[in-house]
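Residue numbers (our numbering): 16 to 264. Below is one structure; the comments refer to it alone.
Here's what the structure looks like:
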């Protein structure tokens, strides 16, 4: 078993791009398409460009909000045409398509590959909701790729990593990692609660939660690992409760 990849297009603008992405999704084995409030008409031009991906295009799910599009995904991967290597700028800290493929290869779970609109890309709130970002390196003076071209590069990198066959002469394949998006969200919520209880500055808490989301996105912990971390945080919570009770008595 491998990761189940779905392609999420946020407010796509051009019919031709939507059709081309549907074809690429079919080329590279994506399970489904999701459109968030599309501005494209999804008409004859989209169907013409889809070719063998027409089935995926016809079955695409159309939702009004970004939250609905990524609901149920175990790993949400956003794309950005702006990237930084600075360790403190974690909002746009990203990995390459090749690195993304390596990270996704051992995963079993739903992986949402999210592409923003042609004119503006993903907005700040949408970037915040992504567990991981991927950036396609290009010339600094002209770094923005066409939507379908960016989708093709990212989908190819993921497909190539997922389709690598282990030979008898190779070392064992990586251990399968079963992701659980629900456990991830529980852990992030618990971290936010503990930050509030321990007096961590309120204006820094959203950034702290995003930092942990991105660290977890890059490391892709298993469900068992999430449960162990949740257990540890529950122990901390109980310890804080006992201390607070002791002070009040």
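Where is the CB? At the ideal position from N, CA and C, for every residue including glycine. These figures come from a predicted structure and were not determined experimentally.
On the DSSP bridge list, what partners appear for residue i?
i           : result
residue 208 : DSSP, once it has assigned bridges, lists no residue as partnering residue 208.
residue 21  : 47, 127
residue 36  : Residue 36 is not bridged to any residue.
residue 148 : 93
Could you tell me the alpha carbon to alpha carbon distance between residue i and residue j, rounded to whole angstroms?
i           : j           : result
residue 205 : residue 81  : 23 Å
residue 89  : residue 119 : 11 Å
residue 167 : residue 240 : 33 Å
residue 161 : residue 133 : 7 Å
residue 117 : residue 173 : 8 Å
residue 83  : residue 70  : 22 Å
residue 150 : residue 179 : 22 Å
residue 235 : residue 91  : 11 Å
residue 266 : residue 247 : Residue 266 falls outside the range modelled here, since the chain spans only 16 to 264, and no answer is possible.
residue 61  : residue 146 : 30 Å
residue 87  : residue 27  : 22 Å
residue 217 : residue 131 : 30 Å
residue 96  : residue 253 : 44 Å
residue 75  : residue 148 : 23 Å
residue 58  : residue 154 : 33 Å
residue 215 : residue 170 : 40 Å
residue 144 : residue 233 : 14 Å
Given that a residue counts as buried once 16 or more other Cβ atoms are within 10 Å of its Cβ, and exposed if not, what is residue i?
i           : result
residue 32  : buried
residue 255 : exposed
residue 152 : exposed
residue 156 : exposed
residue 125 : buried
residue 251 : exposed
residue 109 : buried
residue 25  : buried
residue 53  : buried
residue 212 : exposed
Report all residues from its chain with a CB closer than 8 Å to the CB of residue i; omit the five preceding and five following residues, and keep chain order.
i           : result
residue 198 : 238, 241, 242, 245
residue 38  : 64, 65, 66, 67, 68
residue 201 : 241, 245
Leaving out five residues before and five after residue i in sequence, what residues of the same chain have Cβ atoms less than 7 Å from its Cβ?
i           : result
residue 207 : 220, 224
residue 249 : none
residue 227 : 203, 206
residue 46  : 19, 20, 21
residue 78  : 49, 51, 84
residue 29  : 55, 133
residue 136 : 95, 96
Looking only at its own chain, which residues have a Cβ that is under 6 Å from the Cβ of residue i, when we skip the five neighbours before and after it?
i           : result
residue 17  : 177
residue 129 : 23, 93
residue 36  : 163, 166
residue 113 : 172
- At 3 residues or longer, and completely inside the stretch 158-183: list those beta strand (DSSP E) runs for me, N to C. Given a length threshold of 3 residues, the stretch 158-183 has no whole run of the beta strand (DSSP E) inside it.
- Kindly provide the ranges of any beta strand (DSSP E) runs that are 3 or more residues long and lie completely inside the stretch 53-115, ordered along the chain. Unbroken beta strand (DSSP E) stretches of 3 residues or longer found wholly inside the stretch 53-115: 76-78, 90-94, given in chain order.
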